[in-house]
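Q: Adding 18 to a residue's 1-based position in the sequence shown gives its number in my numbering.
Here it is, the structure in full.
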Amino acid sequence: MGYAPGGAYDGPAPGTDVGNDISKSFSWAWQAFTKNWVALVVPGVIWGAIYLFILAVFFVGYFASIAAMANAFESSESNGTDALAIIIFILVMYAIMILIQLPLAAWMSGAARSAGLVARGQTPTIGNGLFHWKTFFTYILYVILSFISIIIPLIGPLACMFFFSLAPHLSAGRDAGPISAFKDAANKALAKPAHVILTWLVTSALAFVVTITGIGMLLIPAVLPFMSLFSMSMINRIEGKRPAPVV
Numbered sequence: 019m020g021y022a023p024g025g026a027y028d029g030p031a032p033g034t035d036v037g038n039d040i041s042k043s044f045s046w047a048w049q050a051f052t053k054n055w056v057a058l059v060v061p062g063v064i065w066g067a068i069y070l071f072i073l074a075v076f077f078v079g080y081f082a083s084i085a086a087m088a089n090a091f092e093s094s095e096s097n098g099t100d101a102l103a104i105i106i107f108i109l110v111m112y113a114i115m116i117l118i119q120l121p122l123a124a125w126m127s128g129a130a131r132s133a134g135l136v137a138r139g140q141t142p143t144i145g146n147g148l149f150h151w152k153t154f155f156t157y158i159l160y161v162i163l164s165f166i167s168i169i170i171p172l173i174g175p176l177a178c179m180f181f182f183s184l185a186p187h188l189s190a191g192r193d194a195g196p197i198s199a200f201k202d203a204a205n206k207a208l209a210k211p212a213h214v215i216l217t218w219l220v221t222s223a224l225a226f227v228v229t230i231t232g233i234g235m236l237l238i239p240a241v242l243p244f245m246s247l248f249s250m251s252m253i254n255r256i257e258g259k260r261p262a263p264v265v
């Protein structure tokens, strides 16, 4: 990725001790977050507002469809409106499922982009954190592959996670397209399986802890960029390098 090698560091060489790499990545991510928190958090607030608006539209469409179906079923005449109501309901549900992913993908693309800039020793801006088109499409493709992988219960989703979970951050860090990012992610998974699995487990655990509580949900604009910083540091260490020192 061409990240700065950093200065003098204590401890094992990057990529040789997964426990040390996780500890160092947590420390670096926290320092990087506290130094750049405005540029990292504001995009999340903006996308969060858009996300809430889409959810509001979803609930309006959902209850409108339910009401339409109820009226159709109560009708004594069979004029085809019941079938139309069901079709509308299904279309609305699918449309919202897709729409919900778009602001999340855009937000994650920007967070990963900002994390990549920090790891190279640069200072991100709010604009950097809003959107990165290559990472956006990489994330969308990852979501699609995750849905398809469900065809093979348990093994499919686990394999998708193992081989491709780092792809969005690799796309952001290298400004690479989806295909290149997916290939690189698979190669890194094969080279450092423990690092890849634990990176996914740590970020998933953080996301789970935040989302299971109402108060925690308010912290998502801060937690998501922190997770991106952590993942970007781990990618550097998988490659045997360190992210740039936080100054």
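For each residue, glycine too, the CB sits at the ideal point set by N, CA and C.
Every value quoted in this text rests on a predicted model; they were computed, and no experiment measured them.
Less than 6 Å between C-beta atoms, sequence neighbours within five positions excluded: which residues of the same chain meet that for A133?
A: If we look at A133 and ignore the five residues flanking it on each side, its Cβ neighbours are S246, L247 and M250.
Q: At the level of alpha carbons, what is the spacing between A199 and P186?
A: Using only the alpha carbons, I get a separation of about 7 Å.
Q: Using the rule of at least 16 other Cβ atoms within 10 Å of the residue's Cβ for burial, across every protein chain shown, is N146 buried or exposed?
A: Answer is buried; the Cβ neighbour count reaches 16.
Q: Flag this pair as yes or no: are the beta carbons of A239 and V56 separated by less than 9 Å?
A: Correcting the residue identity first, residue 239 is Pro in this sequence and not Ala. No.
Q: Would you kindly check if the distance between the Cβ of V136 and the Cβ of A50 is under 9 Å?
A: Their beta carbons are under 9 Å apart, which means A50 touches V136 by this criterion.
Q: Applying the criterion that 16 or more other CB atoms from any shown protein chain within 10 Å of the CB defines a buried residue, is P171 buried or exposed?
A: Exposed.
Q: Quick check on V264: buried or exposed, where buried means 16 or more other Cβ atoms within 10 Å of its Cβ?
A: With 16 or more Cβ atoms within 10 Å of its Cβ, V264 is classed as buried.
Q: Between the stretch 144-164 and the stretch 123-132, can you find at least three pairs of beta-carbon atoms closer than 8 Å?
A: At 8 Å Cβ cutoff, the stretches touch.
Q: Please look up how many angstroms separate the CB atoms of V36 and A212, rounded, as I've assumed it's under 8 Å.
A: Right, the Cβ-Cβ distance comes to about 5 Å (below 8 Å), so this counts as a contact.
Q: Looking at the unbroken alpha helix (DSSP H) that takes in S183, where does it start and where does it end?
A: Counting along the chain, S183 falls outside any alpha helix (DSSP H), and DSSP gives it neither H nor E.
Q: Excluding the five sequence neighbours on either side, which residues of its own chain have a C-beta within less than 7 Å of the C-beta of C178, listed in chain order?
A: Around C178: L163, S164 and S167.
Q: Mind checking whether L117 and W65 have CB atoms under 9 Å apart?
A: No; because the gap between Cβ atoms is not below 9 Å, this pair is not in contact.
Q: I'd like the span of the alpha helix (DSSP H) that includes D202, first residue to last.
A: P196 to A209 is the span of the alpha helix (DSSP H), which, as asked, contains D202.
Q: Can you list, in chain order, the residues of its chain whose CB lies under 6 Å from that of P243, leaving out five sequence neighbours each side?
A: Taken in chain order, the residues that qualify are L58 and A129.
Q: Pull up the CB-CB distance for D39 and M252, whole angstroms please, since I reckon it's below 8 Å.
A: Rounded, the Cβ-Cβ distance is 6 Å, consistent with contact.
Q: A126: which of A113, F149 and Y112 sits nearest, CA to CA?
A: The sequence given here places Met at residue 126; Ala does not occur at that position. The shortest Cα separation from M126 among A113, F149 and Y112 belongs to F149.
Q: May I ask you to report which of helix, strand or coil DSSP gives F51?
A: F51 falls in the helix class under three-state DSSP.
Q: Check whether the Cβ atoms of T217 and L184 sit closer than 9 Å, and answer yes or no.
A: In contact: T217 and L184 (Cβ atoms closer than 9 Å).
Q: Closest to I104 by CA distance: which of A225, Y80 and Q119 is it?
A: The residue with the shortest Cα to Cα distance from I104 is Y80.
Q: A207 and F180 - do their beta-carbons sit closer together than 9 Å?
A: A contact, by the Cβ cut-off of 9 Å.
Q: Please classify T34 as buried or exposed, where buried requires at least 16 other C-beta atoms within 10 Å of its C-beta.
A: T34 comes out exposed.
Q: Determine the DSSP secondary structure at L102, reduced to helix, strand or coil.
A: Of the three classes helix, strand and coil, the one that applies to L102 here is helix, per DSSP.
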